[in-house]
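Q: Just so you know, we're using my numbering here: the sequence shown kicks off at -11 and counts up by one.
Structure provided below as structure tokens; questions to follow.
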Amino acid sequence: MARSAKHDRTSVMEMLSALDLIALVAVMVIGLPHGAFDGAIAFCLGFGRSRGRMTGFLIMYLLLAGLSGLIWSVSPVFALAAFLGLTVVHFGSGDIQHLPLVWEGLRGRVLNACQIFVHGGVVTILLPVFHEQEVARLFTVLAGPNAVLLMDGLRPALIIWLLAASVYGLAGLTGRRYGPAALELAGLAAAVWILPPLAGFALYFCVVHSRRHFASIWTAMHMYVSRRAIIVSGTVLTALSWAMGAGLYASQTLSGGFSADEAFIRTVFILLAALTVPHMLLVDTMYRPTLKKIAQR
């Protein structure tokens, strides 16, 4: 079994290209910092009213990230599965926040869930299905040989995705208000099919998700936080996340258990997974609902 796992990891390294390396660097340099403005978001939500509250927020944020990383070290397959599930919700919620609902009541809630699943599933469901062998090898690097079992779960997830897309499409035909969203989905689906998996993920994460997130929070942040404070907090948290990544990378390469390239892949995605938990709790359960209530006043 050990030999098989080692062979699988080696085959992943052999398929890495310059484009793959550029994609990983882009995720770290362009995509990851979009969450560094969580400090400014917390200030907007009232955590900045006192130094103690802000300090408490930062401590809890880092503890949640650390706990997520610890879970990955103890149960990597579970952690990877949870990361994929959380990513569906987080990516999907971010992509549809500007979309109107053409149905109301129960139908509206079902449509909302379908929209989240369809948008969030582009890189978490379609991409792995389009590139099964490559993604299975990447999963092996991230969480060990048993992680390839997750690929079996993606096949029924694809069926659910297609059903959700059908509901979404029906609503679009009824309301005729989802044309731009449909074009975006079609373009992203084509991109993740054509591009290698790491490049496809980086394209979505950096160009679509991170850009959209930053654009949506910029105006709100300026209402409560000065430009200087936004830049300083973003710079500090970005540097802190990179320092965490450097420590994670060093710990894996020095242990001798992973090659430099394997450690790089693991560093990027384990760090993303660890930071996704507190980032998602802040953005999806606190910031967006608060912004929605303000807009409804």
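The beta carbon of each residue, even a glycine, is placed where N, CA and C say it ideally should be.
Cβ of H267 within 9 angstroms of Cβ of G19?
A: What you label residue 267 is simply residue 279 of the sequence shown in a count that begins at 1. What you label residue 19 is simply residue 31 of the sequence shown in a count that begins at 1. Contact: no.
Q: Tell whether a beta-carbon distance below 9 angstroms holds between A187 and G57.
A: Indexing the sequence shown from 1 puts residue 187 at position 199. Indexing the sequence shown from 1 puts residue 57 at position 69. The criterion of a C-beta distance shorter than 9 angstroms is not satisfied by A187 and G57.
Q: Relative to the C-alpha of T112, which residue among V90, R97, Q103, L74 is closest?
A: As a first step, residue 112 is located in the sequence shown; it is residue number 124 there, counting from the start. That would be L74, whose Cα lies nearest to the Cα of T112.
Q: Would you mind sorting G108 into buried or exposed? The rule is 16 or more other CB atoms within 10 Å of its CB.
A: Taking the first residue of the sequence shown as 1, we reach residue 108 at position 120. Classification for G108: buried.
Q: Within 8 angstroms, do at least three Cβ pairs link the segment 209 to 216 to the segment 32 to 46?
A: In this structure the segment 32 to 46 touches the segment 209 to 216; the number of beta carbon pairs closer than 8 angstroms is three or more.
Q: Give every residue of the same chain whose Cβ lies closer than 8 angstroms to the Cβ of Y156, excluding the five residues on either side of it in the sequence, and list them in chain order.
A: Walking along the sequence shown from the start, residue 156 turns up at place 168. L99, C102, Q103, V106, Y166, listed in sequence order.
Q: Go to L74, then tell me how far its alpha helix (DSSP H) extends in each direction, as first and last residue.
A: Numbered from its first residue, the sequence shown carries residue 74 at position 86. Taken as a continuous stretch (DSSP letters only), the alpha helix (DSSP H) holding L74 covers 64 to 84.
Q: Just to confirm the assignment, what range does the alpha helix (DSSP H) spanning L209 have?
A: Here residue 209 refers to the residue found at position 221 when the sequence shown is read from its first residue. In the sequence under discussion, the amino acid at residue 209 is Met, which differs from the Leu named in the question. Where M209 is concerned, the enclosing alpha helix (DSSP H) stretches over 199 to 212.
Q: When the Cα of M139 is compared with those of I258, A124, G96, L151, which residue comes out closest?
A: Taking the sequence shown and counting its residues from 1, the one referred to as residue 139 is at position 151. Out of I258, A124, G96, L151, A124 has the C-alpha closest to the C-alpha of M139.
Q: Are the beta-carbon atoms belonging to S204 and H86 less than 9 angstroms from one another?
A: Counting from 1 along the sequence shown, the entry for residue 204 is found at position 216. Counting from 1 along the sequence shown, the entry for residue 86 is found at position 98. Yes; because the gap between Cβ atoms is below 9 angstroms, this pair is in contact.
Q: How would you label T207, buried or exposed, when you count the other beta carbons within 10 angstroms and need 16 or more for buried?
A: Stepping through the sequence shown from its first residue, residue 207 is reached at position 219. Exposed, by the Cβ-count rule.
Q: Provide the residue span of the alpha helix (DSSP H) that contains A169, from first to last.
A: In the sequence shown, counting from the first residue as 1, residue 169 sits at position 181. 167 to 182 is the extent of the alpha helix (DSSP H) around A169.
Q: Could you say which of A145, L260, A70 lies nearest to G23 if we only look at CA atoms?
A: Within the sequence shown, the letter at position 35 stands for residue 23. Ranking the options by Cα distance to G23, first place goes to L260.
Q: Return the first residue and the last residue of the alpha helix (DSSP H) that I18 is part of.
A: Start at 1 with the first residue of the sequence shown, and residue 18 comes out as number 30. Run containing I18: none; DSSP gives neither H nor E here.
Q: So, do the segment 88 to 97 and the segment 133 to 151 have three or more beta carbon pairs nearer to each other than 8 angstroms?
A: no
Q: Work out the CA separation of A135 and P184 for me, nearest whole Å.
A: Locating residue 184 in the sequence shown gives position 196, counting from the first residue. Locating residue 135 in the sequence shown gives position 147, counting from the first residue. Cα to Cα, P184 sits roughly 20 angstroms from A135.
Q: So, for W181: in the same chain, excluding its five sequence neighbours on each side, which residues have a beta-carbon less than 6 angstroms away from its beta-carbon?
A: For this step, residue 181 is matched to residue 193 along the sequence shown. Here the set comprises F118.
Q: Evaluate G40 with the Cβ neighbour count: other Cβ atoms within 10 Å of its Cβ, from every protein chain shown; 16 or more gives buried, anything less gives exposed.
A: Along the sequence shown, one-based indexing puts residue 40 at 52. When all chains shown are included, G40 counts as exposed.
Q: What number of angstroms, rounded off, separates the C-alpha of V77 from the C-alpha of R97?
A: The residue given as residue 77 occupies position 89 in the sequence shown. The residue given as residue 97 occupies position 109 in the sequence shown. The alpha-carbon atoms of V77 and R97 are separated by roughly 14 angstroms.
Q: Which residue's Cα is closest to the Cα of V224: F25, M274, L269, G141?
A: For this step, residue 224 is matched to residue 236 along the sequence shown. Distances from the CA of V224 to each of F25, M274, L269, G141 were compared; the closest alpha carbon is that of F25.
Q: Looking at the structure shown, is H267 part of a helix, part of a strand, or coil, going by DSSP?
A: To locate residue 267, count along the sequence shown from 1; it is residue 279. H267: helix per DSSP, three-state reduction.
Q: Just how far apart, CA to CA, sit M(-11) and P64?
A: If you number the sequence shown from 1, residue -11 lands on position 1. If you number the sequence shown from 1, residue 64 lands on position 76. The predicted model places M(-11) with a pLDDT of 38, which falls under 50 and marks its position as unreliable, so this point remains unresolved.
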